[in-house]
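First comes the structure, then the notes that go with it.
In this note's numbering, the protein residues as written are 74 to 241.
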């Protein structure tokens, strides 16, 4: 599990190493809403592909030495001895313009430049609301996904596809 201070610690660590990262997934939803809404088992981060070595080195130095899933160039999930998990989503691009994540099968997913959210009272770069919705398409949604999307809709007004719309 990761709490707000864990997230901010990882962001500070990566920034100190000279790496760019923006928050995605459940923590990204919470950042856009501006408050922590649930317990999070991991931290999803969009990182620049050309900085992946720096990111990995910084995380290893901080104790994130266990590789949980290596699906590079699409994603890499690591954990520390306390069980805190970080899921990296490398993109080719820049933080000013966003970039492309290479998906299995050669397809690409575009992450726009980061929006600004809030975690623990501090502004952080995060994936924008419309892209958060796009990231939740194309697979069978879990209850957690539906709850996250409902909170995102309520907190930001972002439109949701019919499968995610709350029942009237």
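Glycine included, C-beta positions come from ideal geometry on N, C-alpha and C.
task: Could you tell me the distance, in whole angstroms, from the CA atom of residue 238 to the CA atom of residue 175?
output: Their Cα atoms are separated by approximately 29 Å.
- prompt: Would you report the Cα separation of residue 171 and residue 202, rounded to the nearest angstrom?
  reply: If you take the alpha carbons of residue 171 and residue 202, they lie about 14 Å apart.
message: Checking 8 Å against the spacing of the C-beta atoms, do residue 142 and residue 150 come in under that value?
response: Yes. Within cutoff.
- request: Identify, in the order they occur along the chain, each residue of the same chain with its Cβ nearer than 7 Å to the Cβ of residue 231, setting aside the five sequence neighbours on each side.
  value: Contacts found: 202, 203, 206 and 225.
task: Evaluate residue 194 with the Cβ neighbour count: other Cβ atoms within 10 Å of its Cβ, from every protein chain shown; 16 or more gives buried, anything less gives exposed.
output: By the neighbour-count rule (16 or more Cβ atoms within 10 Å), residue 194 is not buried but exposed.
field: Supposed contact pair residue 131 and residue 86 - C-beta distance, whole angstroms, cut 8 Å
entry: Contact flag correct, Cβ pair sits at about 5 Å.
- request: Within its chain, find whatever has a CB closer than 7 Å to the CB of residue 184; leave out the 5 residues flanking it on each side and keep chain order.
  value: Once the five neighbours on either side are set aside, the close Cβ partners of residue 184 are 119, 164, 171, 172, 174, 200 and 204.
task: Could you check how far apart the C-beta atoms of residue 117 and residue 79 are, in whole angstroms? I think they sit under 8 Å.
output: Residue 117 to residue 79, Cβ: 13 Å. No contact.
query: In three-state DSSP terms, what is residue 162?
result: Shown here, residue 162 sits in a strand according to DSSP, grouped into three states.
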